[in-house]
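In UniProt numbering, the protein residues as written are 1 to 529.
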């Protein structure tokens, strides 16, 4: 926006950038209108401070637009603002609303937050410290460090984070470098230094607390405005690609894991896939890395034993941006009732674009299965792969999903799910109604029985059924089942490319029957296991 600053340096922090922007606007106005007198500078200073007061008061109230009476409360003359001081056209604007009449706003919320912080800072260092009552009660006397620590605490109390950027600007303005930039324009005498270390330590103590990921990241931005990078430097050695093994074994504190998240979020690294095992499989680590997790399109939490607490935190975070995630693996986690409820809510969101969901060995109960299937049926068109292996899902519920013509599942894994002949019949019945999408079916370690295998074999002959991979490993199959399977393999309509029959009770006679099917010119099988 500004290019290089007057000293030749590019601004390194947000506060520096906005400070240069304000100075540029003030000087540009003076040069344009040939107003360089001290009186003119005082008038400009007066208007900027009045706008700062307006910005501060309206920020407290959460207002982005205001009216003429709001301006009058801050001693702002509308004509004076827009006629006398050209600088305001780059900061403040007036619009007309059919119902509300004239309304005013800053050109961007960040400009309002910067001016509010500038006003709060200048008010504190002036003799008149009692002009800031209200929610942000900075009127209490004390040192600059006390003032800034109170500001940190107040910002953390905000539920919607509306003071986060204000706080960053306020902390940045407390540095001598930024005060020097404003010298003579808005700050008339002296620098107002403080114990930066005391404020930094206060921020670090808050980072150690169990804050939301968003607030933690915001505090790291605050440290950056104070030019303190100590926490980041502590973890930097673990983040080099050649040190990935060290990162997995590192005993990092909660604040250091948050620092890892901050570094990754602010790097140029593509956040396409998050695999928790690359870091550490503890839930504390996972919760601190949540900003990285929710920014990733593929999330892999396999074998990490994420509990109900962690799953609930994850799904609550994903709900804020449901359209980003494409793959989620929670294998061997324990989402519990609340986790499954939040996951179901996420799946039900029409903005959810999840394509692959892994819930292997997640303790899914009948109640959970009902909630998940109901959610998938309400928004079924995106999901392509579903793994519910090693759970006890009710197959009739899953069948209800499969028969929905909007269901586009291509891969379904129901291994070790206690599926019997009855369950297999329900699956086949559903697939007959919606046969064209499923490509892979994993039924390992179930008991489909003779009738179940017969129904599956007949389904393979359906020209509309496009299944390419069928796994029946350890399904108590016998030679009696081989004839029906061989019949399916020799069918011209079968699309099967891969069949797994491992760990079943097949004898020579059964294998001979299968071979007869394999010899058929219509057999498309490429792999037999």
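Where is the CB? At the ideal position from N, CA and C, for every residue including glycine.
Beta bridge counterpart(s) of residue i as assigned by DSSP
i, result
"residue 104", "66 and 94"
"residue 275", "300"
"residue 360", "In DSSP, residue 360 forms no bridge with anything."
"residue 500", "471"
"residue 527", "498"
"residue 442", "413 and 471"
"residue 328", "299 and 357"
"residue 387", "358 and 413"
"residue 505", "478"
Residue i burial status per 10 Å Cβ neighbour count (16 or more: buried)
i, result
"residue 522", "exposed"
"residue 225", "buried"
"residue 405", "exposed"
"residue 402", "buried"
"residue 526", "exposed"
"residue 462", "buried"
"residue 563", "The chain is shown only over 1 to 529; residue 563 falls outside these bounds and no answer can be derived."
"residue 423", "buried"
"residue 482", "buried"
"residue 72", "exposed"
"residue 248", "exposed"
"residue 26", "buried"
"residue 62", "exposed"
"residue 529", "exposed"
"residue 237", "exposed"
"residue 393", "buried"
"residue 128", "Only weak support exists for where residue 128 lies, its pLDDT of 44 falling under 50; the value from the coordinates is given anyway. When all chains shown are included, residue 128 counts as exposed."
"residue 132", "Reliability of the predicted coordinates at residue 132 is poor, the pLDDT of 45 falling under 50, and no value is obtained from them."
"residue 85", "For residue 85, the pLDDT reaches just 47, beneath the cut-off of 50, and the residue's location in the model is therefore unreliable, although a value from the coordinates is still provided. When all chains shown are included, residue 85 counts as buried."
"residue 508", "exposed"
"residue 346", "buried"
"residue 13", "buried"
"residue 537", "Because the chain here runs from 1 to 529, residue 537 falls outside it and cannot be looked at."
"residue 266", "exposed"
Proximity to residue i [Cα-Cα], best of the options
i, options, result
"residue 417", "514, 445, 441 and 152", "445"
"residue 474", "501, 264 and 482", "501"
"residue 176", "112, 106, 15 and 280", "15"
"residue 116", "279, 59 and 266", "59"
"residue 232", "258, 205 and 24", "258"
"residue 384", "303, 354 and 397", "354"
"residue 533", "390, 498 and 325", "What is shown of the chain runs 1 to 529, which leaves residue 533 out entirely."
"residue 487", "499, 514 and 507", "514"
"residue 517", "102, 119, 499 and 227", "499"
"residue 167", "409, 154, 24 and 339", "154"
"residue 335", "307, 347 and 326", "307"
"residue 22", "126, 54, 118 and 43", "118"
"residue 76", "104, 64 and 95", "104"
"residue 201", "223, 218 and 212", "223"
"residue 208", "379, 256, 165 and 163", "256"
"residue 376", "350, 126 and 366", "350"
"residue 381", "397, 367 and 356", "356"
"residue 217", "496, 156 and 396", "156"
"residue 427", "395, 408 and 410", "395"
"residue 198", "171, 112 and 420", "171"
"residue 520", "419, 432, 492 and 460", "492"
"residue 50", "78, 39, 227 and 102", "78"
"residue 453", "480, 264 and 204", "480"
"residue 203", "220, 55, 214 and 210", "220"
"residue 215", "162, 246 and 38", "162"
"residue 239", "410, 269 and 228", "269"
Contact belief for residue i with residue j at Cβ below 8 Å, rounded distance in angstroms
i, j, result
"residue 438", "residue 414", "About 12 Å separates the two Cβ atoms, so there is no contact after all."
"residue 314", "residue 296", "With 8 Å as the limit, residue 314 and residue 296 do not qualify as a contact, their Cβ atoms being about 11 Å apart."
"residue 254", "residue 284", "6 Å"
"residue 174", "residue 121", "7 Å"
"residue 372", "residue 344", "6 Å"
"residue 342", "residue 301", "Contact doesn't hold; Cβ gap of about 15 Å is too wide."
"residue 322", "residue 362", "Actually they do not touch by this definition, with Cβ atoms about 20 Å apart."
"residue 292", "residue 250", "That pair is no contact at about 16 Å."
"residue 510", "residue 478", "7 Å"
"residue 330", "residue 287", "About 15 Å; that fails the 8 Å criterion."
"residue 537", "residue 74", "Outside the shown range of the chain, which is 1 to 529, sits residue 537, and nothing can be said about it."
"residue 466", "residue 440", "Contact doesn't hold; Cβ gap of about 11 Å is too wide."
"residue 19", "residue 182", "7 Å"
"residue 195", "residue 230", "In fact, because the Cβ distance is near 15 Å, the residues do not count as touching under 8 Å."
"residue 460", "residue 494", "5 Å"
Min CB distance residue i to chain B below 8 Å
i, result
"residue 240", "Note that chain B does not occur in the displayed structure, where there is just one protein chain."
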